[in-house]
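J.:
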Amino acid sequence: MQSSPKPEGWSSRLGVILAVAGSAVGLGNFLRFPGLAAQYGSGAFMIAYFISLVLIGIPICWAEWTMGRYAGQYGFRSSPGIFSVLIKHPMGKYLGALGVIIPVCIYMYYVYIEAWCAGYAWYFLIGKINFTTPDQVSDFFQKFVGSTQDGLVVQRGSNQVVLFLVIVFALNFVIIYRGLSKGIEFFCKWAMPALIFLAIIILLRVLTLGTPDPAKPDQNVLSGLGFMWNPGQVGKELLNPQLWLAAAGQIFFSLSVGFGVIITYASYLTRKDDIVLSGLTASSANEFCEVALGGLITVPAAFMFLGAAGVAGQGTFGLGFNVLPLVFAKMPFPGFFGTVFFTLLFLAAITSSLSMLQPGIAFLEEALGVGRKVSVTLLGALTALGCLFVVNFSKDLKALDTIDFWVGTFLIFVLATILIITFGWIMGVDKGFEEAHQGAHIRIPNAFRFIIKWVSPAFLLIIFALWVLFNVFGWNIDTGQFQPTGYVADLIGQPGKEPNQVARLSLALIGIVVVFTVVLISAASTRWKKKLTGIKAN
Ligand code: PFF
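In this text, residue positions in the sequence shown follow this note's numbering: the first is 131, and each later residue adds one.
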């Protein structure tokens, strides 16, 4: 039986804005951003962050909205399909492959972290997390996520995380199966306000903490906020290229630009729909949640209770899962605030993970000519296998970390560069602006013509080249020497150190997704060509 693929679409303007904002607002806002800002000395970091927002974040966001809606008019919804419309050359569509590969691979580990959030919310609710020493917290975390040894999936006994994962994974697919407007849009319409409400509860609590421990008068609200926000030696810090890389990377990750998500979401719009203001609104909502909510909660709270030493050196997730449970334990009603915070994280994560699935669904439907049932089943099977891989190789979170590095950081720079060059040079700024302004409620300032054509690609290419020099080849700016970083050493080994097999297998997994996507694109190429001939004839 062939399920009839009836045309999908968003049911309201607010709905699509909330869906894009839902994709953008995620773990990046509440964990990654505060961690990075505190690590790089917030004053200087915020300058690099806002410059990156204006020079690459917003331009690529507008480019994605415009190109997605443009190709959507011709019935193409997947990133490779969209690129087949934008780039006339037969190889063009293969450039769009990254817009499927990236979200699908990221989903495989993001949903695992989403399951941690659900688990923590539940354990706070039933009073199982109530620890007072750092050792207790990190012990619980390591056991829960299985970071001490591999084989979590096949072990019997202490593998509750798998249970949470199964539930969260299934929930994502149930929502996706309901379709764009009844599933994603419906869910985001209540989840987004709900998460902002929960964040405000936590924020009010944090800002009214005063001096939680009178014996430590230095650790009060103002010094907590100061620790996060006081500018340090801005001039000197701005010369650190790593700070720029971190700031630009955070802009991409946070706004969900350069992932192939927005381009797919926008393809379901029509030419009558505004995209310029909608894109800006969704991005502004993300910035509000990131700077005004995320930036005021996590780090100041941790500082007030644990001091600078308690905050320092915590990675992206360390702050959330290893530090905050200690902070909540010291507040009155720890169970309540812990549950609220991790529910907020869970909602933020699920609205993001849903957006990682739609590009894959659109691609399978378009490449194989199948309906939603088949596409959801296929994508479910593929991502379930990938996810089991990530969970099973959980020792030191190696699989997660490797995929996050090569896909979640490296490939998004590549796709972002492809997107901005396609918009500014292949579609052309004039045509791009004309297309963007169809149905637009505001105009893009003219300065952005120059920015999009010259500044954004140059800025991106420089940042990307530096990123590769530092983070792949391990360039030491002081000594001028190169020493491959851990991620590369994991793959090729180092004198006296064998390559890491899990890291190699993770790369093989990414390779399988790449081959699968490329094969499907080439299989679809005759059908797409016919569809395209129809377009060009018009
Ligand atoms: N923007 C999300 C966050 O800040 O957590 C992360 C994300 C969403 C990454 C969607 C990738 C993606 F396709």
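We treat Cβ as the ideally placed atom computed from N, Cα and C, and that holds for glycine.
1. Ligand 1 and Met322: does any heavy atom of the ligand fall closer than 6 angstroms to the residue's C-beta?
2. For Ala431, tell me which candidate among Val421, Leu449, Glu417 has the shortest Cα-Cα distance.
3. Do you know whose CA, among Glu138, Ser153, Trp140, lies nearest Ala412's CA?
4. Inspect the beta-carbon positions of Pro489 and Gly229 and report whether they are closer than 7 angstroms.
5. Taking 6 angstroms as the cut-off, is the CB of Ile236 close to at least one heavy atom of ligand 1?
6. Shortest alpha-carbon distance to Arg162 belongs to which of Thr547, Phe447, Asn630?
7. Mind listing which residues have their beta carbon within less than 6 angstroms of any non-hydrogen atom of ligand 1? Chain order is fine.
8. Apply the 10 Å Cβ neighbour rule to Ala583 and answer buried if 16 or more other Cβ atoms are within range, or exposed otherwise.
9. Since Leu637 and Leu621 should fall inside the 8 angstroms C-beta cutoff, what is the C-beta to C-beta distance between them, to a whole number of angstroms?
10. Can you give the Cα-Cα distance for Ile231 and Asp608, rounded to whole angstroms?
11. So, for Ile640: in the same chain, excluding its five sequence neighbours on each side, which residues have a beta-carbon less than 7 angstroms away from its beta-carbon?
12. Mind checking whether Ile305 and Gly313 have CB atoms under 7 angstroms apart?
13. Runs of 4 residues minimum, wholly inside the segment 193-254: which ones carry the alpha helix (DSSP H) assignment?
14. With contact counted as at least three CB pairs below 8 angstroms, one residue from each stretch, are the segment 378-389 and the segment 539-546 in contact?
15. When DSSP labels each residue in this structure, what does Phe447 get in the three-state scheme?
16. Taking C-beta to C-beta, are Lys525 and Gln279 nearer than 7 angstroms?
17. Determine, using beta carbons only, whether Pro462 and Ile259 come nearer to each other than 7 angstroms.
18. Identify the continuous alpha helix (DSSP H) that holds Trp359 and give its terminal residues.
19. Using alpha carbons as the reference points, say which of Val298, Leu373, Ser482 lies closest to Ile392.
20. Could you give the distance in angstroms between the alpha-carbon of Val351 and the alpha-carbon of Leu373?
21. Measure the C-alpha to C-alpha separation of Val215 and Thr656 and round it to an integer number of angstroms.
22. Would you call Ser134 buried or exposed, if buried means 16 or more other Cβ atoms sit within 10 Å of its Cβ?
23. In this structure, does DSSP put Met131 in helix, strand or coil?
24. Residues bridged to Trp605 by DSSP?
25. Under 8 angstroms, with one C-beta from each stretch per pair, do the segment 239-254 and the segment 494-505 reach the 3-pair mark?
26. Rank Gly501, Trp195, Ala167 by C-alpha distance to the C-alpha of Thr362 and give the top, closest one.
27. Whose CA, out of Gly440, Leu475, Ala514, lies closest to the CA of Met238?
28. Provide the residue(s) that pair with Gln624 in DSSP beta bridges, ordered along the chain.
29. Nearest to Gly145 by CA position, among Phe270, Ile581, Asp403, is which residue?
30. In chain order, which alpha helix (DSSP H) runs of at least 4 residues are fully inside the segment 408-441?
31. Quick check on Gly388: buried or exposed, where buried means 16 or more other Cβ atoms within 10 Å of its Cβ?
32. Taking the alpha helix (DSSP H) that Ile314 belongs to, which residues open and close that run?
33. I'd like the span of the alpha helix (DSSP H) that includes Ser482, first residue to last.
34. When you compare only the Cα positions, how much space is there between Phe160 and Leu255?
35. Measuring straight from C-alpha to C-alpha, what distance separates Trp246 and Val506?
36. Kindly indicate which residue of Val429, Leu337, Leu487 has the alpha-carbon position closest to the one of Gly390.
T.: The structure says:
1. no
2. Leu449
3. Ser153
4. yes
5. yes
6. Phe447
7. Ser153, Ala154, Gly156, Leu157, Gly158, Asn159, Pro233, Ile236, Phe383, Ser384, Ser386, Phe389, Val391, Ser482, Ser485, Met486
8. The sequence given here has Lys at residue 583, not Ala. Result: buried.
9. 6 angstroms
10. 37 angstroms
11. Cys235, Ile533, Trp536, Val537
12. yes
13. 209-216, 222-225
14. yes
15. helix
16. yes
17. no
18. 351-359
19. Ser482
20. 26 angstroms
21. 14 angstroms
22. Because the pLDDT at Ser134 is just 48, under 50, the model does not fix this residue reliably, and the value given afterwards should be weighed accordingly. Classification of Ser134: exposed, given that the 10 Å Cβ count is below 16.
23. Note that Met131 scores a pLDDT of 44, beneath 50, so its modelled location is shaky and nothing firm can be said.
24. Phe612
25. no
26. According to the sequence provided, residue 362 is Gly. The question's Thr does not apply to it. Comparing Cα-Cα distances from Gly362 to each of Gly501, Trp195, Ala167, the minimum goes to Ala167.
27. Ala514
28. Lys627
29. Asp403
30. 425-441
31. buried
32. Element bounds for Ile314: n/a, residue is neither H nor E.
33. 464-498
34. 20 angstroms
35. 24 angstroms
36. Leu487
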